[in-house]
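One structure is given here, and the rest of the page talks about it.
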Amino acid sequence: MVSRRGSAPGPDPVALIEIDLYGELMIAATGAAEERLSPDRIDEVLRVVRPRSRRPAPQGDSDG
Numbered sequence: 017m018v019s020r021r022g023s024a025p026g027p028d029p030v031a032l033i034e035i036d037l038y039g040e041l042m043i044a045a046t047g048a049a050e051e052r053l054s055p056d057r058i059d060e061v062l063r064v065v066r067p068r069s070r071r072p073a074p075q076g077d078s079d080g
């Protein structure tokens, strides 16, 4: 079991999450046809959500 250093004994929740994510990557890598997972596939496995960039409003020829 992973335990925290400090005052409270018990599992370190951050370490447990990291171990779980590592396991997800290992499972994905095992099932992959290619030698390495692409950055996009890694993001997909880890459920990374990237903020959408704001697109500038199209510039028109208005006299407005």
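Numbering follows our numbering, in which position 36 of the sequence shown is assigned residue number 52; successive positions increment by one, without gaps.
Just so you know, even glycine gets a beta-carbon here, dropped at the ideal spot from N, CA and C.
Less than 8 Å between the beta carbons of A44 and R63, yes or no?
As a first step, residue 44 is located in the sequence shown; it is residue number 28 there, counting from the start. As a first step, residue 63 is located in the sequence shown; it is residue number 47 there, counting from the start. No, the Cβ-Cβ distance between A44 and R63 is not below 8 Å.
If you run the structure through DSSP and keep just helix, strand and coil, what is P67?
Taking the sequence shown and counting its residues from 1, one reaches residue 67 at position 51. Three-state result, P67: coil.
Nearest by alpha-carbon distance to L41: which of V65, L53, R66 and R71 is it?
One-based indexing of the sequence shown puts residue 41 at position 25. Among V65, L53, R66 and R71, the Cα nearest to that of L41 belongs to L53.
If you reduce the DSSP assignment to three classes, tell me which class P25 lands in.
By 1-based counting over the sequence shown, the position of residue 25 is 9. Three-state DSSP puts P25 in coil, outside helix and strand.
For E50, which residues in the same chain have their Cβ closer than 6 Å to its Cβ, ignoring the five residues on either side in sequence?
Mapped onto the sequence shown, residue 50 falls at position 34. Counting only Cβ-Cβ distances below 6 Å, and skipping sequence neighbours, we find nothing.
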